[in-house]
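Report on the structure given below.
There are 2 protein chains.
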Amino acid sequence: MIITIVGLGVIGGSFAMALNELQEHEIYGVDVNKETIDKAKKLGIIKDGCTSGSDFIRRSDLVIIGLYPSAILNFLKENQGNFKRGAIITDVTGIKETFINEALGIIPKEVDFIFGHPMAGREKKGIDFASKEVFKGANYLLTPHNKNKEENLSKIESLVLKIGFSRVRRITPREHDKIISFTSQLPHAIAVALINSDKEEFDTGAFIGDSYRDLTRIANINEGLWSELFLGNKDNLLQSIESFQDQLNSIKDAIINEDRESLTKLFKESGIRREKL
Amino acid sequence: MIITIVGLGVIGGSFAMALNELQEHEIYGVDVNKETIDKAKKLGIIKDGCTSGSDFIRRSDLVIIGLYPSAILNFLKENQGNFKRGAIITDVTGIKETFINEALGIIPKEVDFIFGHPMAGREKKGIDFASKEVFKGANYLLTPHNKNKEENLSKIESLVLKIGFSRVRRITPREHDKIISFTSQLPHAIAVALINSDKEEFDTGAFIGDSYRDLTRIANINEGLWSELFLGNKDNLLQSIESFQDQLNSIKDAIINEDRESLTKLFKESGIRREKL
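Residue numbers (the working numbering), protein chains in the order written: chain A, 4 to 280; chain B, 4 to 280.
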């Protein structure tokens with residue numbers, strides 16, 4: 004296939020690396036940053052690239068868009084007439100329901116947009132942090148809509164399994180956003196709140212173990228992307244935050260009441276759940 | 004030195020392994036569980052061991068107690084007359100202020116109790132999960148009191164640096180408990196609340212990335228130990244939980260008000276803090 008990757012950031016760049024390794028496809032890159040294109044060429048992970056990609060897109064069987072949700076919509080608008088008939092487009096966006104509804108209004112009918120979400124990433128941004136290793140063993144989610152062709156969904160499935168993902172699941176955009184608000188966005192909100200609640204009275208770094216390190220790793224967050232993701236999944240995320248707050252309040256109440264029995268019960272429950280994971 | 008380790012669980016067992024590797028000391032083990040003693044002997048990490056340790060303790064220059072806070076106090080009471088004159092005792096307890104006050108009332112005056120806290124551990128318990136590797140590069144905290152001899156404090160410092168810890172800090176018990184409530188106990192409370200807030204509508208495991216995995220690792224918690232640690236540091240932990248709740252509410256408010264600017268600001272702040280860590 005001729006594949007164009009739009010946005011050679013940490014995810015797009017990782018796709019280029021992983022796909023390039025298969026040595027089965029002709030890969031092109033599009034990125035607004037000329038330096039990024041040069042780096043990708045130097046790494047040999049794209050055959051060619053440029054900052055505005057209509058030429059590549061016209062020839063591509065598959066276009067992988069690794070941009071922020073709002074930027075994808077702009078990109079689709081600008082390139083409505085540029086896609087090859089029958090091409091597959093796919094994204095890597097962490098929110099789906101509202102985004103898909105908006106995107107479906109723009110997509111030309113001669114292409115098939117398969118909405119996907121690789122559950123892999125790095126806390127840093129940019130091609131310098133791209134790595135095909137992040138995909139190894141990770142989950143991939145597809146949120147099909149009624150215009151998708153089964154053969155194209157299967158094609159994307161096979162491709163992502165080939166580049167290292169271990170599991171592909173199909174779910175509705177609504178389910179996707181609900182569960183992602185819990186498994187991905189809530190942890191990010193927690194990590195940010197945890198590190199921001201540091202009163203910095205002490206030299207924190209000298210007093211931490213793995214637990215604090217683990218819980219704050221993702222606090223180094225891409226602020227532009229994640230504010231879009233949070234606001235684009237507002238209601239689900241608020242619900243997830245509130246369920247979490249209820250649980251934290253149960254722990255707090257048990258401490259206030261010096262209720263060892265309730266505390267032990269909460270800890271046992273969490274232990275069983277983690278073991279099951 | 005002749006060293007007796009009391010409690011060959013994950014921390015005591017790791018001490019036995021790490022000390023044994025130095026090949027400089029004669030190491031004995033005490034554990035209520037006969038099977039644990041047999042395992043430790045089979046591993047060759049103790050010279051001998053038994054379920055009640057007064058014989059070893061009488062001869063030991065250093066006694067490392069790897070028990071829960073309440074069990075340490077019982078152990079001290081039972082062995083008040085058994086310690087060698089001039090021996091050093093040390094603990095590995097995660098809370099200090101109240102605990103030290105209680106312990107100082109029991110400790111015989113001919114021994115020097117150096118209170119310590121290795122900031123290393125495993126989420127699982129028991130000798131099967133002991134490993135000298137967990138100490139590598141970790142922080143060690145000492146909370147000296149006015150009866151400690153400087154030479155004994157230095158002796159413990161050198162010893163823990165020798166078995167892999169990278170940094171030893173001395174702080175007051177009050178400071179210790181304050182900062183530990185934030186860097187260690189709060190993350191555990193969060194991890195437990197996070198996994199317990201899973202509504203389990205979906206097969207969660209298929210929808211997680213590294214973030215959820217990282218944030219819930221420590222949810223597999225030793226319920227007996229951690230309920231003691233939480234309740235033994237009640238006021239500090241409640242304060243840390245509340246500061247965290249304030250920060251999480253700031254994120255929540257920004258989402259409710261669709262206030263992208265505030266959200267971005269909170270994310271930038273957390274990124275800078277994490278980078279600094």
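Even for Gly, the Cβ is constructed at its ideal location relative to N, Cα and C.
Taking three-plus beta-carbon pairs below 8 Å as touching, is the stretch 136 to 143 of chain B in contact with the stretch 239 to 247 of chain B? no
Measure how close the beta-carbons of alanine 106/A and leucine 76/A come, nearest whole angstrom, since I'm counting them as under 8 Å. 6 Å
Since aspartate 217/A meets chain B, which of its residues come closer than 8 Å, beta carbon to beta carbon? Pro190, Asp217, Leu218, Arg220, Ile221
Candidates Gly108/A, Pro72/A, Ile117/A, Leu79/A: closest to isoleucine 91/A by CA position: Ile117/A
If you draw a straight line from the C-alpha of tyrosine 71/B to the C-alpha of phenylalanine 102/B, how long is it? 11 Å
At least three beta-carbon pairs within less than 8 Å, the stretch 44 to 52 of chain A to the stretch 11 to 23 of chain A: yes
For arginine 88/B, which option in Leu79/B, Glu100/B, Lys112/B has the closest C-alpha, if you only look at C-alpha atoms? Lys112/B
Do alanine 123/A and glycine 212/B have their CB atoms nearer than 8 Å? yes
Straight-line gap, asparagine 236/A to histidine 120/A (C-alpha atoms, nearest Å): 15 Å
With a cut-off of 8 Å on the beta carbons, I'd call isoleucine 5/B and glutamate 27/B a contact; round off their distance for me. Incorrect: roughly 11 Å between the Cβ atoms, too far for contact.
Taking the alpha-carbon of alanine 133/A as reference, which of Leu251/A, Gly16/A, Asn252/A has the nearest alpha-carbon? Gly16/A
Please return the same chain residues whose Cβ sits closer than 7 Å to the Cβ of glutamate 305/B, not counting the five positions on each side in sequence. Any answer about residue 305/B is impossible in this case: the structure gives chain B only from 4 up to 280.
Is there at least one Cβ from chain A nearer than 8 Å to isoleucine 183/B's Cβ? yes
Contact set between leucine 118/A and chain B, taken where Cβ atoms lie within less than 8 Å: Checking the sequence shown, residue 118/A turns out to be phenylalanine, not leucine. Chain B residues near phenylalanine 118/A: none, gap ~15 Å exceeds 8 Å.
Over the uninterrupted beta strand (DSSP E) stretch that includes proline 121/A, give me the two end residues. 119 to 122
What three-state label does DSSP hand asparagine 252/B in the structure shown? helix
Please list the residues of the stretch 192 to 215 of chain B that have a C-beta atom closer than 9 Å to any C-beta atom in chain A, keeping them in chain order. Ala192, Ile193, Ala194, Val195, Ala196, Leu197, Ile198, Asn199, Ser200, Asp201, Lys202, Glu203, Glu204, Phe205, Asp206, Thr207, Gly208, Ala209, Phe210, Ile211, Gly212, Asp213, Ser214, Tyr215
What whole-angstrom Cβ distance do alanine 194/A and glycine 274/B have, given they're in contact under 8 Å? Alanine 194/A to glycine 274/B, Cβ: 11 Å. No contact.
Enumerate, from N- to C-terminal direction, the unbroken alpha helix (DSSP H) stretches of 4 or more residues contained entirely within the stretch 148 to 194 of chain B. 153 to 165, 176 to 183
Among the candidates Ala43/B, Glu226/B, Arg173/B, whose CA atom is the shortest distance from the CA of phenylalanine 270/A? Glu226/B
With a threshold of 16 other CB atoms inside 10 Å of the CB of serine 214/B, please say whether the residue is buried or exposed. buried
Asparagine 142/A touches chain B at which residues, Cβ-Cβ below 8 Å? Ala209, Phe210, Ile211, Gly212
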